[in-house]
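A.B. asks: If you read the sequences in order, they're chains A and B.
Counted the way this note's numbering counts, the first sequence spans residues 43 to 377.
Counted the way this note's numbering counts, the second sequence spans residues 42 to 315.
Have a look at this one.
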Amino acid sequence: MKHWILAILTLCVTTGCTHPFGNVYDNTPAGNMEALWSIIDEKYCFLDEKDVDWEALKQPYIDSAKLLAPGDKLALFDLMERMINRLEDGHVNLYTSFDRSQCVSWYKGYPENYDERLINELYINNSRYAGGMYYQRIADDAIGYIYCGSFEIGASSANMYYILTAFRDCKGIVLDVRNNGGGSLEYAYTLASTFFDHDTTIGYWQHKTGKRHSDFSELKPIKIKKDDMPSKWLRPVIVLQNRHTYSAANSFVNAMRYGRNVLLLGGMSGGGGGMPLSYELPNGWLIRFSSIRMYDADHKSIEGGIAPHVYETLRSTDKDDLIEHAVQLINKAYE
Amino acid sequence: MKRLRDILILTIIAMNLSAIEHEDILNLRYGGVWLQDQYLSPLLYTGMQVGIGNEWWQVYSKHPGWAHVGRVDANFGWTHNAPKSNVIYALGLQGGWGSYYAWVFALAGNERTPKHSIELQLGPYLEADYMGRLIAGYINKPYSMDMSIQVEAMAGMSYAFSAKKTSYRLRYLVRTNMIGVDFVPDYWQSYYELQENGINGTVRCAGLWNHRYLNHELTFDMQFPHSTWRVGIRHEYLEYGKGDLWFSREQVSAVVGTCFRYRVDGKRNLLTER
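This is the structure in structure tokens:
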């Protein structure tokens with residue numbers, strides 16, 4: 043009988059052990075604010091690149107949070123949004139069950155350079171759709187036009203086979219990634235592989251290795267592998283971009299710079315050259331932030347965006363000036 | 042053809058020989074799970090889990106005091122944080138093998154057929170442990186995992202008794218790690234980086250100073266006319282860490298199991314012996 047009692051007692055005692063690793067920060071407005079500040083301070087990858095004194099923001103925001111009522115979630119959210127928007131980074135967002143913070147300053151002041159109505163009515167009015175892309179022959183069937191609005195969907199080799207077969211006797215392709223807010227980097231690089239006939243280093247990335255703003259790993263090369271996409275297009279390609287060409291689409295534009303017969307046209311791309319990761323605050327809100335820095339092949343950061351080879355803006359209301367300019371340039375290449 | 046027949050006969054004989062002392066206990070588990078994974082979140086995640094497992098043992102024919110035991114367990118858990126704003130799904134797989142010596146003390150009856158007896162067990166155990174965790178709602182770093190191979194110390198105590206032509210056994214079994222290797226990523230290391238660079242620097246020597254594991258269970262076996270059933274409770278606790286990064290995992294499960302033998306050898310429906 044003693045053995046029974048001993049066994050049951052042992053089980054009860056060990057089962058009742060408390061967890062030694064509780065939350066580091068209190069689940070109060072000030073605790074959550076401090077947790078948010080620390081996550082960015084320790085994990086965000088652009089603090090030494092951006093013109094913001096992050097240390098100076100800490101105490102004022104924590105003090106402001108202390109003045110909030112414990113249940114005033116909306117006020118805390120707004121306060122946190124103000125703090126993280128100082129980073130001017132579209133990849134830094136706070137997610138809650140009632141709202142998601144957004145930073146708009148990174149594209150404000152740039153021309154829109156995009157009119158969805160014009161594209162729908164004039165350039166993809168009789169299109170097919172494959173691999174997340176609309177495609178149609180334009181300019182008297184001499185040019186292939188592809189609109190890729192997102193990299194949330196990936197193009198397979200079968201998709202690209204049919205698209206390139208449809209364009210087989212075209213002079214070139216206009217590949218439009220305006221207003222493409224990104225998605226999967228893998229999908230972006232796989233699509234870019236269509237335009238590469240050999241493995242090419244198109245940039246580097248660098249991981250955070252410590253808490254300090256300058257703690258980073260060695261640069262690791264990013265390569266476009268020609269075998270990722272068996273179907274190839276090595277005739278002229280013009281990539282259209284605008285300020286809303288962001289994140290994975292920005293990385294796609296960067297990769298395409300190193301492709302054969304590729305020209306970038308439009309405005310400055312949006313940037314978003316930091317691969318985002320997520321973490322949680324003590325109150326369960328989720329913070330997304332840039333964590334892995336990306337560079338081009340010349341070791342320059344692509345966080346601020348990529349300049350086109352040819353600048354062009356949308357001025358007309360009855361035609362898309364960027365597409366028309368791209369068609370002219372391709373035709374000119376054959377004169 | 043003759044060789045094939047010989048192999049077949051030898052295989053059947055070997056299977057039957059081992060089956061005489063080979064016993065399997067299939068168990069199903071249901072219970073609670075507590076996860077603390079600072080790689081994924083600073084928050085404690087709690088929830089439920091289901092599991093299935095198999096335990097087998099076999100006495101060494103030349104050394105009846107010694108037996109070896111093996112276990113395979115799988116479980117799936119679903120947990121959420123206190124604000125219920127996110128979910129972690131966990132898939133655990135464990136497998137191990139060990140050997141132990143048993144001391145049997147007959148309290149009533151005789152040594153061959155004791156009516157009441159106490160048995161003490163002690164021996165080493167080698168265990169491979171894996172738990173993969175997926176957190177919903179995260180971007181680009183949605184998963185984490187525990188991975189280790191540990192040499193453990195295993196000890197047990199059981200009390201067997203008979204009443205009204207039915208046999209029962211109460212057993213308490215505990216295992217704790219001694220030394221081994223485990224996988225711990227750095228706080229800053231993304232799995233992208235691990236995929237690129239391999240696991241260099243993330244696998245280390247693990248012992249009680251940085252990796253603590255406890256697995257113990259209390260079971261009660263009951264011999265019915267045509268079957269033997271087990272009920273019990275199992276508790277597992279794991280904690281390990283490196284630098285700022287700490288993980289802990291606690292699981293408590295109710296266990297229901299049934300025992301069967303590969304070969305009925307004239308002692309039909311015997312109580313599980315170990």
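For glycine and all other residues, C-beta sits at the position ideal for the given N, C-alpha and C.
Note that the coordinates shown come from a computational prediction; the quantities given were computed from them, not determined experimentally.
1. May I have the straight-line CA-CA distance separating Q99 (chain B) from L85 (chain B), to the nearest angstrom?
2. Is it buried or exposed, V146 (chain A), if we count other Cβ atoms within 10 angstroms and call 16 or more buried?
3. S294 (chain B) CB to nearest chain A CB: under 7 Å?
4. The alpha helix (DSSP H) spanning N116 (chain B) covers which residue range?
5. Starting from the N-terminal side, write out each stretch of the beta strand (DSSP E) that is 3 residues or longer and does not extend beyond the stretch 83-147 of chain A.
6. If you count every other CB in all the chains shown that lies within 10 Å of the CB of Y101 (chain B), and 16 or more means buried, which is it?
7. Helix, strand or coil for H341 (chain A), going by three-state DSSP, please let me know.
8. Apart from the five residues on each side of it in sequence, which residues of its chain come closer than 6 Å, Cβ to Cβ, to F301 (chain B)?
9. Among A:V304, A:W79 and A:E194, which one has its Cα closest to the Cα of L217 (chain A)?
10. Straight-line CA distance for H114 (chain A) to I104 (chain A)?
11. Could you tell me which chain B residues have their CB closer than 9 Å to the CB of W327 (chain A), listed as they occur along the chain?
12. Counting only Cβ pairs nearer than 8 Å, list the residues of chain A close to I185 (chain B).
13. Ignoring anything shorter than 3 residues, give me the beta strand (DSSP E) runs that lie fully in the stretch 265-304 of chain B, in order along the chain.
14. Starting from the beta carbon of V66 (chain A), find every residue of chain B whose beta carbon is closer than 8 Å, and list them in chain order.
15. Just curious, the beta strand (DSSP E) that K3 (chain A) is in, first and last residue?
16. Does the stretch 92-110 of chain A touch the stretch 148-161 of chain A, meaning 3 or more C-beta pairs lie closer than 8 Å?
17. Quick check: R285 (chain A) and Y149 (chain A), are their CB atoms within less than 7 Å of each other?
18. Please list, in chain order, the residues of the stretch 167-201 of chain B that have any C-beta partner in chain A closer than 7 Å.
19. At what residues does the beta strand (DSSP E) containing Y231 (chain A) begin and finish?
20. Under 7 Å between the Cβ atoms of G173 (chain A) and A197 (chain A)?
21. Alpha carbon to alpha carbon, how far is L261 (chain A) from L235 (chain B)?
22. Below 9 Å on C-beta distance, what does S231 (chain B) contact in chain A?
23. Who does P165 (chain B) pair with in a DSSP beta bridge?
24. Keeping to the same chain, check which residues put their C-beta closer than 6 Å to that of E160 (chain B); ignore five residues upstream and five downstream.
25. CA-CA distance, S139 (chain A) and G326 (chain A)?
26. Given a limit of 9 Å on CB to CB distance, which residues of the stretch 330-361 of chain A reach chain D?
27. How far does the alpha helix (DSSP H) with F294 (chain A) in it extend, from its first residue to its last?
28. Check whether the Cβ of E322 (chain A) lies closer than 7 Å to any Cβ atom in chain B.
29. According to DSSP, is H45 (chain A) part of a helix, a strand, or is it coil?
30. Helix, strand or coil for D183 (chain A), going by three-state DSSP, please let me know.
31. Can you have a look at T355 (chain A) and say buried or exposed, based on whether 16 or more other CB atoms are within 10 angstroms of its CB?
32. Distance, Cα to Cα, L78 (chain A) vs D120 (chain A)?
33. Kindly list the residues whose CB is nearer than 6 Å to the CB of N373 (chain A), restricted to its own chain and excluding five residues on each side of it in sequence; keep chain order.
34. For the alpha helix (DSSP H) that N201 (chain A) lies in, which residues bound it at each end?
35. Could you give the distance in angstroms between the alpha-carbon of I240 (chain B) and the alpha-carbon of S231 (chain B)?
36. Between which two residues does the alpha helix (DSSP H) holding E322 (chain A) run?
C.D. replies: Taking the structure as given:
1. On the second sequence, residue 99 (chain B) is found 58 positions in, with the first residue counted as 1. On the second sequence, residue 85 (chain B) is found 44 positions in, with the first residue counted as 1. So the alpha carbons of these two residues sit roughly 40 Å apart.
2. Position 104 of the first sequence holds residue 146 (chain A). With fewer than 16 Cβ atoms within 10 Å of its Cβ, V146 (chain A) is classed as exposed.
3. Translated into the one-based positions of the second sequence, residue 294 (chain B) becomes position 253. Chain A contact via Cβ: absent.
4. Numbered from 1 along the second sequence, position 75 holds the residue referred to as residue 116 (chain B). No alpha helix (DSSP H) holds N116 (chain B); the beta strand (DSSP E) holding it covers W107 to N122.
5. The stretch 83-147 of chain A contains, as complete beta strand (DSSP E) runs of 3+ residues, the segments 135-137 (chain order).
6. Position 60 of the second sequence holds residue 101 (chain B). With fewer than 16 Cβ atoms within 10 Å of its Cβ, Y101 (chain B) is classed as exposed.
7. Residue numbering aside, residue 341 (chain A) sits at position 299 when the first sequence is read from its first letter. Coil.
8. Taking the first residue of the second sequence as 1, we reach residue 301 (chain B) at position 260. The answer, listed in chain order, is D65.
9. Reading the first sequence from its first residue, position 175 is the one you call residue 217 (chain A). Residue A:V304 is the option with its Cα nearest to L217 (chain A).
10. In the first sequence, the residue the question calls residue 114 (chain A) occupies position 72. In the first sequence, the residue the question calls residue 104 (chain A) occupies position 62. Correcting the residue identity first, residue 114 (chain A) is Asp in this sequence and not His. For the pair D114 (chain A) and I104 (chain A), the Cα-to-Cα distance works out to about 15 Å.
11. As a first step, residue 327 (chain A) is located in the first sequence; it is residue number 285 there, counting from the start. Simply P124 and S126.
12. Position 144 of the second sequence holds residue 185 (chain B). According to the sequence provided, residue 185 (chain B) is Ser. The question's Ile does not apply to it. Contact note: S185 (chain B) does not reach chain A at a C-beta cutoff of 8 Å; the least C-beta distance is about 12 Å.
13. 269-283 and 286-302
14. As a first step, residue 66 (chain A) is located in the first sequence; it is residue number 24 there, counting from the start. Near V66 (chain A) (Cβ distances below 8 Å), the residues of chain B are P83.
15. Residue 3 (chain A) lies beyond the range of chain A shown here (43 to 377); nothing can be said about it.
16. no
17. In the first sequence, residue 285 (chain A) corresponds to position 243, counting from 1. In the first sequence, residue 149 (chain A) corresponds to position 107, counting from 1. Yes.
18. G178, Y179, I180, N181, K182, M198 and Y200
19. The residue labelled residue 231 (chain A) in the question sits at position 189 within the first sequence. Looking at the DSSP string, Y231 (chain A) is not in any beta strand (DSSP E); the run it does join, the alpha helix (DSSP H), is L227 to A234.
20. Position 131 of the first sequence holds residue 173 (chain A). Position 155 of the first sequence holds residue 197 (chain A). Yes.
21. Looking up residue 261 (chain A) in the first sequence gives position 219. Looking up residue 235 (chain B) in the second sequence gives position 194. Cα-Cα distance, rounded: 14 Å.
22. By one-based count along the second sequence, residue 231 (chain B) stands at place 190. Those within 9 Å of S231 (chain B) in chain A are H249, K250, M317, L319, S333 and I334.
23. Stepping through the second sequence from its first residue, residue 165 (chain B) is reached at position 124. In the DSSP output, where bridge partners are listed per residue, P165 (chain B) has B:A194.
24. Residue 160 (chain B) sits at position 119 when you count from the first residue of the second sequence. Closer than 6 Å at the Cβ level, and outside the excluded window around E160 (chain B), lie A143, V145 and S199.
25. On the first sequence, residue 139 (chain A) is found 97 positions in, with the first residue counted as 1. On the first sequence, residue 326 (chain A) is found 284 positions in, with the first residue counted as 1. Going from the Cα of S139 (chain A) to the Cα of G326 (chain A) covers about 10 Å.
26. Chain labels in this structure do not include chain D; the protein chains are A and B.
27. For this step, residue 294 (chain A) is matched to residue 252 along the first sequence. It spans A290 to M298 - the alpha helix (DSSP H) in which F294 (chain A) sits, taken as one unbroken run.
28. The count along the first sequence starts at 1 and reaches residue 322 (chain A) at position 280. Judged by the 7 Å Cβ criterion, E322 (chain A) is in contact with chain B.
29. Walking along the first sequence from the start, residue 45 (chain A) turns up at place 3. Reliability of the predicted coordinates at H45 (chain A) is poor, the pLDDT of 47 falling under 50, and the value obtained from them is presented with this limitation in mind. In the three-state scheme derived from DSSP, where H, G and I count as helix and E and B as strand, H45 (chain A) is classed as helix.
30. To locate residue 183 (chain A), count along the first sequence from 1; it is residue 141. For D183 (chain A), the three-state secondary structure derived from DSSP is coil.
31. Looking up residue 355 (chain A) in the first sequence gives position 313. Result: exposed.
32. The residue labelled residue 78 (chain A) in the question sits at position 36 within the first sequence. The residue labelled residue 120 (chain A) in the question sits at position 78 within the first sequence. So the alpha carbons of these two residues sit roughly 13 Å apart.
33. If you number the first sequence from 1, residue 373 (chain A) lands on position 331. Around N373 (chain A): no qualifying Cβ.
34. Here residue 201 (chain A) refers to the residue found at position 159 of the first sequence. Run containing N201 (chain A): S199 to A208, per the alpha helix (DSSP H) assignment.
35. By one-based count along the second sequence, residue 240 (chain B) stands at place 199. By one-based count along the second sequence, residue 231 (chain B) stands at place 190. Each residue's Cα considered, the two are about 11 Å apart.
36. Looking up residue 322 (chain A) in the first sequence gives position 280. From DSSP, E322 (chain A) is part of no alpha helix (DSSP H) but of the beta strand (DSSP E) over G316 to E322.
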